[in-house]
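Novice:
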Amino acid sequence: MAKATFQKPKGTADLLPEQTAQWQHIENIARLLFRDYNFKEIRTPMFENFEVFSRSAGDTSDVVTKEMYDFHDKGDRHIALRPEGTAGVVRAFVENKLYGPEFDKPYKAFYIGPMFRYERPQAGRFRQFHQIGVEAFGSESPALDVEVIAMAIDFFKTLGLENLRVAINTLGDQLSRDQYRQALIDYLRPHATELSQDSQERLDKNPLRVLDSKDPKDQKFVANAPSILDYLSDEATQHWQTVKEMLTALNIDFVIDATMVRGLDYYNDTIFEIMTVDDSLKGAATIAGGGRYSGLVKEFGGPETPGVGFGIGMERLISLLIAQNVAPTIDNTLDFYVVNIGKQTDVVATQIVQAVRSFGYAAERDYLSRSAKAQFKTADRHKSQYVITIGETELYNHVANIKNMSTGQQQTIKLADLYTDLPTIIDSEGDN
RNA sequence: GCGGUAGUGGUGAAGUGGUUAACACACUGGUUUGUGGAUCCAGCAUGCGAGGGUUCGAUCCCCUUCUACCGCCCCA
0 MAKATFQKPK GTADLLPEQT AQWQHIENIA RLLFRDYNFK EIRTPMFENF EVFSRSAGDT
60 SDVVTKEMYD FHDKGDRHIA LRPEGTAGVV RAFVENKLYG PEFDKPYKAF YIGPMFRYER
120 PQAGRFRQFH QIGVEAFGSE SPALDVEVIA MAIDFFKTLG LENLRVAINT LGDQLSRDQY
180 RQALIDYLRP HATELSQDSQ ERLDKNPLRV LDSKDPKDQK FVANAPSILD YLSDEATQHW
240 QTVKEMLTAL NIDFVIDATM VRGLDYYNDT IFEIMTVDDS LKGAATIAGG GRYSGLVKEF
300 GGPETPGVGF GIGMERLISL LIAQNVAPTI DNTLDFYVVN IGKQTDVVAT QIVQAVRSFG
360 YAAERDYLSR SAKAQFKTAD RHKSQYVITI GETELYNHVA NIKNMSTGQQ QTIKLADLYT
420 DLPTIIDSEG DN
C-alpha cells in the first residue's frame, strides 16, 4: 500500500462481485415472495428533511437523538440520511395521495435499500446498512398484522434459515397506552433516583423506554413493573387476542415479551421482533423488527390511516445465512474461452467471442497476448466448458478449433459454421 | 459518545533498534518455438496504515491520527 490516501467512510462496505451475487439472491427471493402477498416495490429518496424522521421516530428515540446522519445542504436545508424506511414511505404515501379511492386498501408496498445511522460500527452494525421493509396502510385488521409477520417468516424459511424466534407484544391503543404510561410513572417515580442516568431522563420523556433498558440498575425495577397487558382497553385486548389466535392458526410459534418496546416511538398495538438464537450473532440477534402504527399518516398531513410493517437487516441476514451454511453457491463459470495466438488473430478473436455471446453463452477471450498455455490455464480456472482456439494457421484456413474441456476432445470447424451454427455443433458433439 | 484489541506484499502471515523484511498461497514467466488441472525452476513489499518525535540509526520505542474488529448504550 504505497499511499492509501482514500479509504471508504467509516462504517461503510464495498460489496464486491462475490458478495453481490449473494445480495441479489436475497433480493430476488424477496421480490418473488412479496409479490405473492401482493406487495409492490416503492423507492423513496435516501435522504429527507430532518423533520421527516424526527417527527416520526420520536424526539426522544435514540435514532433521532444520537444516531442521525444529518447535515445542512447548500440551501441550508436540514437534511438527514434515512435511518429507517417507514418515515419516507409514509411521507410518500401522503405526498402522492395514495390514500385516494383509486388505490387498494390496504395499500401494500415494500422497499429494499440503504439506511444510515451515525454510530460506532461493530458486529452487525454499520453506518450504511441495508433493509428490506414492507408497509401496509389503511386497515386495522389484525389479519394484516399477522400477514406481515407471516410474510417475514415465510421469507426467512424460503431462504433456508432455522432457529428463529418470534417475539411479540402489544402497546395497545392510545387509551391503553396513556393509562399504562401513568401506571408506569407511578411505579417508577418513587425509585427515580435509583434508576440509571438514561432512564431518569426517559422517565419524563418516554417512560415506556425504561422497559427497554439493559442497565442492571433498571432491570430489577423493570422485572416487577406493571405489564402493559393489564392495561389494555377492550378494543386493544380484542385486537391482541385475535393476533395471537391467527398466529396459532397458522402454526407460527411465538413468545410474548411484555417488556419489548421497540426503539421507534410511533408504534402501537402489535409489535414484533424476529431474532436468531444462533450464537454467531450474539450482539446483533435481531434480524427483523416491526409493528403497527396509527398516527403516522396523520402526522404527515394525511387522513387518519393505520399502518403496519417491518424492516429486515440485510447484513445481519447475510451473516446468518453464512453462519447457518445456507448461503447459495454462485456460478461464475464460463461456457467458452477464446484462445487467440498471434497479433493477426486479434480481430477474429473479437468476432468469435461476440458471435459466441450472441448465442447466449458466457464467453471471454485473452486481451494480453499471453501464451496459449497461460490462456488455457485461465480458461480452466474459469471452468470454461469449451475453448475455441484461433491461431494464424487457423485464420489462414478460415477455421477454428473447439475443445471440450471435460473430455479433452478437440475438433476443427469452419469459421462460417461457427458463426451460424455454434449451438448445433455443440449439441451434436458426441454424435460423430 | 465511552472502553478493549489490532494494522507488515494480491492473500495468510513470521520477524528484529542496525548491511539483501522469513515462509506459504495466489499470480506471471519458463520447463513443453501454439493447448488446461501435475512436477520442478525463476520472478514478485526501496516497503512494514498515516503524520510527527526519540536515536548515529526504527517496521520494531514514544505521541497523535485514521481504519478495522469486539464490547457498552441502542438497534437492523
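Sequence positions in the first sequence follow numbering that gives the first Met the number 0 and run 0 to 431.
Beta carbons are placed, not taken as given, at the ideal position from N, Cα and C, and that holds for glycine.
If you're wondering where the values come from, they're calculated on a predicted model, not measured in any experiment.
What residue from 43, 87, 203 has the CA that sits closest to residue 296's CA?
Specialist: In the first sequence, residue 296 corresponds to position 297, counting from 1. Comparing Cα positions, the closest option is 87.
Novice: Going by CA-CA distance only, name the one from 196, 313, 368 that's closest to residue 124.
Specialist: Numbered from its first residue, the first sequence carries residue 124 at position 125. The candidate whose alpha carbon is nearest that of residue 124 is 313.
Novice: Using three-state DSSP, classify residue 0 as helix, strand or coil.
Specialist: Translated into the one-based positions of the first sequence, residue 0 becomes position 1. The predicted model places residue 0 with a pLDDT of 34, which falls under 50 and marks its position as unreliable; any figure quoted below should be read in that light. If DSSP states are grouped into helix, strand and coil, residue 0 belongs with coil.
Novice: Flag this pair as yes or no: are the beta carbons of residue 268 and residue 224 separated by less than 8 Å?
Specialist: The residue given as residue 268 occupies position 269 in the first sequence. The residue given as residue 224 occupies position 225 in the first sequence. No; because the gap between Cβ atoms is not below 8 Å, this pair is not in contact.
Novice: Under the assumption that residue 226 contacts residue 209 (Cβ atoms under 8 Å), give the Cβ distance between them as a whole number of angstroms.
Specialist: Position 227 of the first sequence holds residue 226. Position 210 of the first sequence holds residue 209. That pair is no contact at about 14 Å.
Novice: Between which two residues does the alpha helix (DSSP H) carrying residue 155 extend?
Specialist: The residue labelled residue 155 in the question sits at position 156 within the first sequence. Residue 155 -> alpha helix (DSSP H) spans 141-158.
Novice: Since residue 242 is in the alpha helix (DSSP H), which residue starts that stretch and which ends it?
Specialist: Stepping through the first sequence from its first residue, residue 242 is reached at position 243. Counting along the chain, the alpha helix (DSSP H) containing residue 242 begins and ends at 233-248.
Novice: Answer with buried or exposed for residue 249, where buried requires no fewer than 16 other C-beta atoms within 10 angstroms of its C-beta.
Specialist: Within the first sequence, residue 249 is the residue found at index 250, counting from 1. Answer is exposed; the Cβ neighbour count stays below 16.
Novice: Should residue 15 be labelled buried (16 or more other beta-carbon atoms within 10 Å of its own) or exposed?
Specialist: As a first step, residue 15 must be located in the first sequence, where it is residue number 16. Residue 15 comes out exposed.
Novice: Label residue 80 either buried or exposed according to how many other C-beta atoms from any shown protein chain fall within 10 Å of its C-beta, with 16 as the threshold for buried.
Specialist: For the purposes of this step, residue 80 is taken as residue 81 along the first sequence, with counting starting at 1. Buried, since its Cβ has 16 or more Cβ neighbours within 10 Å.
Novice: Please give the ranges of any beta strand (DSSP E) in the segment 304-362, keeping only runs that are unbroken, at least 3 residues long and fully inside the region.
Specialist: DSSP runs (the beta strand (DSSP E)) wholly in the segment 304-362: 306-312, 335-339.
Novice: Tell me the DSSP secondary structure of residue 418 in three-state form.
Specialist: Counting from 1 along the first sequence, the entry for residue 418 is found at position 419. Helix.
Novice: Return the CA-CA distance between residue 425 and residue 408, expressed in angstroms with no decimal places.
Specialist: By 1-based counting over the first sequence, the position of residue 425 is 426. By 1-based counting over the first sequence, the position of residue 408 is 409. Distance between the alpha carbons of residue 425 and residue 408: 12 Å.
Novice: Out of curiosity, what's the CA-to-CA distance linking residue 165 and residue 291?
Specialist: As a first step, residue 165 must be located in the first sequence, where it is residue number 166. As a first step, residue 291 must be located in the first sequence, where it is residue number 292. Their Cα atoms are separated by approximately 16 Å.
Novice: Is the segment 109-121 touching the segment 82-97 in the sense that three or more CB pairs, one from each, lie closer than 8 Å?
Specialist: Touching, per the Cβ criterion.
Novice: Between the C-alpha atoms of residue 173 and residue 303, what's the straight-line distance to the nearest angstrom?
Specialist: Working through the first sequence from its first residue, we reach residue 173 at position 174. Working through the first sequence from its first residue, we reach residue 303 at position 304. Rounded to whole angstroms, residue 173 to residue 303 spans 14 Å at the Cα level.
Novice: Can you round the beta-carbon distance between residue 137 and residue 98 to whole angstroms, since I take them to be within the 8 Å contact cut?
Specialist: Locating residue 137 in the first sequence gives position 138, where the first residue counts as 1. Locating residue 98 in the first sequence gives position 99, where the first residue counts as 1. About 7 Å; that satisfies the 8 Å criterion.
Novice: In the structure shown, what three-state DSSP assignment does residue 57 receive?
Specialist: Start at 1 with the first residue of the first sequence, and residue 57 comes out as number 58. Coil at residue 57, not helix or strand.
Novice: Alpha carbon to alpha carbon, what distance is there between residue 122 and residue 2?
Specialist: Within the first sequence, the letter at position 3 stands for residue 2. Within the first sequence, the letter at position 123 stands for residue 122. At residue 2 the pLDDT is 43, less than 50, meaning the model places this residue with poor confidence; the figure from the coordinates comes in the next sentence. Cα-Cα distance, rounded: 29 Å.
Novice: Let's test the definition: count the other Cβ atoms within 10 Å of the Cβ of residue 431 and tell me whether it reaches 16, buried, or not, exposed.
Specialist: Taking the first sequence and counting its residues from 1, one reaches residue 431 at position 432. Low confidence applies to residue 431: its pLDDT is 47, below 50, so where it sits in the model is not reliable, and the reading given next is rough at best. By the 10 Å Cβ count, residue 431 comes out exposed.
Novice: Could you have a look at residue 431 and say whether DSSP puts it in helix, strand or coil?
Specialist: What you label residue 431 is simply residue 432 of the first sequence in a count that begins at 1. Residue placement at residue 431 is flagged as unreliable, the pLDDT there being 47, under the threshold of 50; a coordinate-derived value is accordingly withheld.
Novice: Compute the distance between the beta-carbons of residue 334 and residue 384, then report whether it is under 8 Å.
Specialist: If you number the first sequence from 1, residue 334 lands on position 335. If you number the first sequence from 1, residue 384 lands on position 385. Against a cut-off of 8 Å, the Cβ pair of residue 384 and residue 334 comes out as a contact.
Novice: On the criterion of 16 or more Cβ atoms from any shown chain inside 10 Å, does residue 380 qualify as buried, or is it exposed?
Specialist: Indexing the first sequence from 1 puts residue 380 at position 381. So residue 380 counts as exposed.
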